[in-house]
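K.L.:
Take a look at this one; I'll ask things after.
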Amino acid sequence: MSATASKVCLLGDFGVGKTSLVARYVRNTFSDNYLTTVGVKVDSKEVPLPDGAARKLVIWDIAGKSGLDALNMSYLRGASGLLLVADGTREATLRSAVDLLLQSRTLLPDAHAILLINKLDLVDRWEVAPATLVELRKSMPVIETSARQGDGVEQAFLEMATRLNA
Amino acid sequence: MGDLERLKHLLIADEREVLSRVERRVEALERVNVELASQLPSLVRAAPVEPMNRALANPVAAALGSAVQRNRTSIVDALFPVIGPIIRKAIAEALRGLMRDMNRVLESTFTPRGIRWRIEAWSSGLPYAHVVLKHTLRYQIDHVFLIERDSGLVLHRVSGPGLPELDADAIAGMLTAIGQFVRDSVSRDGDESLEAARVGEHLLWIVEGPRASLACFIQGVPPDELRSVLSDRLEQIHADMLGAEADPEDAMEAVARSADLDASLDPMSLVAASASMVEQESPARKRSARWPWLLVLLVLLAVLGWHYLRVHRWNGQVLQLRTQLEKHPGFQLSALESESWEKLTIRGLLDADAEPLAPLLDAAGLDGVKPELQIRGFVSTDDVVLAKRARRMLDAPHGVQVEVKDGVLRVLGDAEQEWATREQPRASLIAGVQRVDWQVRGHDPRTAARAAARAELQEISARLDKTRVIFLRDSEADAESAASLGAMASALSRAQVLAVESGIPITLHVFGYTDTPGTEQINLDLRVARAAWLRDKLRENGVDEKLLGGAVMDSGASGKDSVFRGAGVRIEIADGTP
């Protein structure tokens, strides 16, 4: 029997590494050109869970923007999870991620949300203060990732799959 | 408490208690009623779905019916924004189908392939549309996805055998995203959606429902009936969802897991259902569309037959006229230009001595078309024309025969020598005559006249020799014989005329006859007297005196030779050239 599929949307400002995270984690089916034309690229990945079950994540990589327009809102419809991506070297992208979360909550009040702080490989240049992350972790899961080195990437998707399977 | 109060308490304490409870209950009910209006939406939402649906089904239907009857305008206004796009969508779909059908028919009608299909339709008895569909609608369904409309997640998927594995979830997601992108980009009211996409021979059809969509990946050209089949299947899936579970999410998943869905969305099953629908529609089309074709065909055949007969008749008439013109002596046909029932132009050369063409053209018919003649003159060497020319130029007299055979002019017969002498040299100068065979006997017309006169004189003479006047006595003639005096006088007058005209001298002898009795002298006198009597009688009957005056009164007839009594005449014709 195939695993249950869930729709997960990646949101984040331009250049935070959403597409790189997906490319690191899944086999690309479609060209990245869709991001600049249609504004979204969809891939899927079946995530094995510790309990032996599996969850298929259908990942919608939505083109980077600091806000959600009507089209992007339509892309969010039916999503069960939100992966909010910020660039640790640019604190402004963290604010954008939070804003995107607040906007998407109007459509997806019950969706699971995880905040990914990307570019862990450049941690010495991070602008995001550790204290900020501590505060954020009180309201949502926060995972530090590096799309370049792969750190935290699988953990992020596994965390999402686990929460969706719960 | 006064006495009165105590008394009231004793008498109506129970009733006052009951009244108080009733008042409190009424107040509570009124408070509940006041609060119910604000609590009703949340109560409805909190109520179990299925019992609530069953409870509200009839009242809502009745209320809707009542509202339609009493306040139709408001209902129409409310529904108008919904009905309008639906109607437009249905009309647009029907027009697209019509255009596709027209294009398909037009593309295939006037090609060799279309003609071949039409022959196949006639020979097999199938409607033409069926044959076209059979040949053109070769297709196969590769994949069928049942996709949740909002999330784009694949609820169910059926693929054809032997196809490579693909990431159905990603494809369905992208498909949903592109559909939303297209809808957001081009649709004004947001109700329209991406229905089809084509790349080469690969075709994607999307049929959308309220909660799920069917995406069908096709190779080839499917019939329109396939879309109807997909719509039917999707409607059935939605109906199953409504009847399966109270929770929509659970209902969707339950239907997606249904084993029946594999059979329902199986590509071969869809193709078969589509073909069956085509078959069902074909007889109706056949009944409704064949008889006009037959009628048109019959009319066409009748027109073609009539046209063929007219052309055949016209061509026959023209051919017959051509044959007659080619055989017409003295006419050389150069060209015969025919425009059926419109114009006929005859070009050629005509000899002046040939028979005219008008009777030939009048007898040809030609359905009232008057031929246009473009004729120039020439000299024909046809024997018939040559003979006519020779007769005209020679002016052959009666008794002369003019013939031409193979260019040889033959003139034979009797003619005056003068004509023969004059015309014989001219005969060889007649145009077209190759040689002259002149066999004319020439003669003088006066000689012939004399010969004829002599012959008639001899005939008159012979007749007069047999005519006698019998005498009863000496000078008394027999009455019967005397009657022949007139004929005798006429013959003598005619003989005199012939002698004068022909120049042949004649001498009249008048004889008297006696029998043997009596003396010689008496008989001689009697013969003289009888001859004189006859001469006098002839004079009385009109014989010219010139003839009678020169007559020889011959009384020398011997009594021995005479056998009767009487008198007679004889003409003596002088000898010489006729």
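Keeping their order, the protein sequence lines are chains A and B. Each residue of the first sequence is one higher than the one before, counting from 1 in my numbering. Each residue of the second sequence is one higher than the one before, counting from 167 in my numbering. Beta carbons are placed, not taken as given, at the ideal position from N, Cα and C, and that holds for glycine.
I need the straight-line Cα distance from A/V8 to A/A23, nearest angstrom please.
P.N.:
The alpha-carbon atoms of A/V8 and A/A23 are separated by roughly 15 angstroms.
K.L.:
Between the C-alpha atoms of A/L11 and A/L100, what's the straight-line distance to the nearest angstrom?
P.N.:
Cα-Cα distance, rounded: 7 angstroms.
K.L.:
Name the chain A residues whose beta carbon is nearer than 8 angstroms to that of B/L319?
P.N.:
What B/L319 touches in chain A: A5, S6, K7, V58, G78.
K.L.:
So, helix, strand or coil for A/W126, using DSSP?
P.N.:
In this structure, A/W126 counts as coil in the three-state DSSP scheme.
K.L.:
I need the straight-line Cα distance from B/D533 to B/L485, nearest angstrom please.
P.N.:
Cα to Cα, the separation comes out at about 14 angstroms.
K.L.:
Which chain A residues are close to B/F311, counting only those with a beta carbon under 7 angstroms from its beta carbon?
P.N.:
Within 7 angstroms Cβ-Cβ: nothing; B/F311 doesn't reach chain A, min ~12 angstroms.
K.L.:
How would you call B/R293, buried or exposed, if buried means at least 16 neighbouring beta carbons within 10 angstroms?
P.N.:
Position check: residue 293 of chain B holds Pro in this sequence, whereas Arg was assumed. So B/P293 counts as buried.
K.L.:
Roughly how many angstroms separate the alpha carbons of B/V599 and B/V574, rounded to a whole number?
P.N.:
About 6 angstroms.
K.L.:
Below 8 angstroms between beta carbons is the criterion; list the residues of the stretch 36 to 68 of chain A that meet it against any residue of chain B, in chain order.
P.N.:
Those residues of the stretch 36 to 68 of chain A that come within reach of chain B (Cβ to Cβ, closer than 8 angstroms) are V38, G39, V40, K41, V42, D43, S44, K56, V58, W60.
K.L.:
Could you name the residues that DSSP lists as bridge partners for B/S325?
P.N.:
Note: B/S325 sits in a beta bridge opposite B/H309.
K.L.:
Closer than 8 angstroms, CB to CB, is B/I257 near chain A or not?
P.N.:
Taking Cβ atoms only, chain A never reaches closer than 8 angstroms to B/I257, which makes this a no.
K.L.:
Indicate the three-state DSSP secondary structure (helix, strand or coil) for B/D691 in the structure shown.
P.N.:
If DSSP states are grouped into helix, strand and coil, B/D691 belongs with the helices.
K.L.:
Touching or not, the stretch 627 to 644 of chain B and the stretch 682 to 700 of chain B, by the rule of three or more beta carbon pairs under 8 angstroms?
P.N.:
They touch, by the three-pair rule.
K.L.:
Between which residues of its own chain and B/L560 is the CB-CB distance below 6 angstroms, once the five residues before and five after are set aside?
P.N.:
Here the set comprises E589.
K.L.:
What residues from chain A crowd round B/F347, counting only those whose CB sits closer than 9 angstroms?
P.N.:
By Cβ distance, chain A contributes T37, V38, G39, V40, L71, S74, Y75.
K.L.:
In three-state DSSP terms, what is A/L11?
P.N.:
Of the three classes helix, strand and coil, the one that applies to A/L11 here is strand, per DSSP.
K.L.:
Write down every uninterrupted run of the alpha helix (DSSP H) in the stretch 83 to 109 of chain A whose length is 4 residues or greater and which is fully enclosed by it, in chain order.
P.N.:
Segments of the alpha helix (DSSP H) lying fully in the stretch 83 to 109 of chain A: 91 to 105.
K.L.:
Thinking A/T93 and A/D151 are a contact (beta carbons under 8 angstroms), I'd like their distance in whole angstroms, please.
P.N.:
Incorrect: roughly 18 angstroms between the Cβ atoms, too far for contact.
K.L.:
For B/A661 and B/A524, I'd like the C-alpha separation in whole angstroms.
P.N.:
Near 57 angstroms, if we compare the C-alpha coordinates of B/A524 and B/A661.
K.L.:
With 8 angstroms set as the bound, which would you pick, yes or no: does the beta-carbon of B/A378 sit closer than that to a beta-carbon of chain A?
P.N.:
Closer than 8 angstroms: no.
K.L.:
Let me know the secondary structure DSSP gives B/D549 once reduced to three states.
P.N.:
Helix, per DSSP.
K.L.:
Taking B/V676 as the reference, give the member of B/R705, B/L170, B/R616, B/A665 with the closest Cα.
P.N.:
Of B/R705, B/L170, B/R616, B/A665, the residue nearest in Cα terms is B/R705.
K.L.:
First and last residue of the alpha helix (DSSP H) that includes B/K712?
P.N.:
Taken as a continuous stretch (DSSP letters only), the alpha helix (DSSP H) holding B/K712 covers 711 to 715.
K.L.:
Which residue comes first and which comes last in the alpha helix (DSSP H) that contains B/R620?
P.N.:
Residues 611 to 631.
K.L.:
Which class does B/G339 belong to by DSSP, given the choice of helix, strand or coil?
P.N.:
Looking at B/G339 - three-state DSSP - the assignment turns out to be helix.
K.L.:
Contact between the stretch 77 to 96 of chain A and the stretch 115 to 128 of chain A: three or more CB pairs below 8 angstroms?
P.N.:
Judged by Cβ distances under 8 angstroms, the stretch 77 to 96 of chain A makes contact with the stretch 115 to 128 of chain A, as three or more pairs qualify.
K.L.:
Mapping the DSSP letters down to three states, classify A/S114 as helix, strand or coil.
P.N.:
Position check: residue 114 of chain A holds Ile in this sequence, whereas Ser was assumed. Three-state DSSP puts A/I114 in a strand.
K.L.:
Can you name, in chain order, every residue of its own chain whose Cβ lies under 7 angstroms from the Cβ of A/R90, other than the five neighbours on each side?
P.N.:
Excluding sequence neighbours, A/R90 sits near E127.
K.L.:
Against chain B, with Cβ distances strictly below 8 angstroms, would A/Y25 count as a contact?
P.N.:
By this cut-off, A/Y25 is not an interface position.
K.L.:
What residues in the stretch 325 to 336 of chain B have a beta carbon less than 7 angstroms from any beta carbon of chain A?
P.N.:
Under the 7 angstroms Cβ criterion, the stretch 325 to 336 of chain B contributes D333, D335, A336.
K.L.:
Can you pull the chain A neighbours of B/I307, defined as C-beta to C-beta under 9 angstroms?
P.N.:
Those do not exist, as B/I307 stays about 21 angstroms from chain A at its closest Cβ, beyond 9 angstroms.
K.L.:
Name the chain A residues that come within less than 8 angstroms of B/M218, Cβ to Cβ?
P.N.:
Result: empty, since nearest Cβ-Cβ is about 23 angstroms, beyond 8 angstroms.
K.L.:
Could you give the uninterrupted runs of the alpha helix (DSSP H) lying entirely in the stretch 168 to 254 of chain B, keeping only those of 4 residues or more?
P.N.:
List check, alpha helix (DSSP H) in window: 169 to 212, 215 to 236.
K.L.:
Could you tell me whether the stretch 374 to 391 of chain B touches the stretch 302 to 317 of chain B, using the rule of 3 or more Cβ pairs below 8 angstroms?
P.N.:
Contact holds: three or more Cβ-Cβ distances are below 8 angstroms.
K.L.:
Decide if B/G496 is buried, meaning its Cβ has at least 16 other Cβ atoms within 10 Å, or exposed.
P.N.:
Result: buried.
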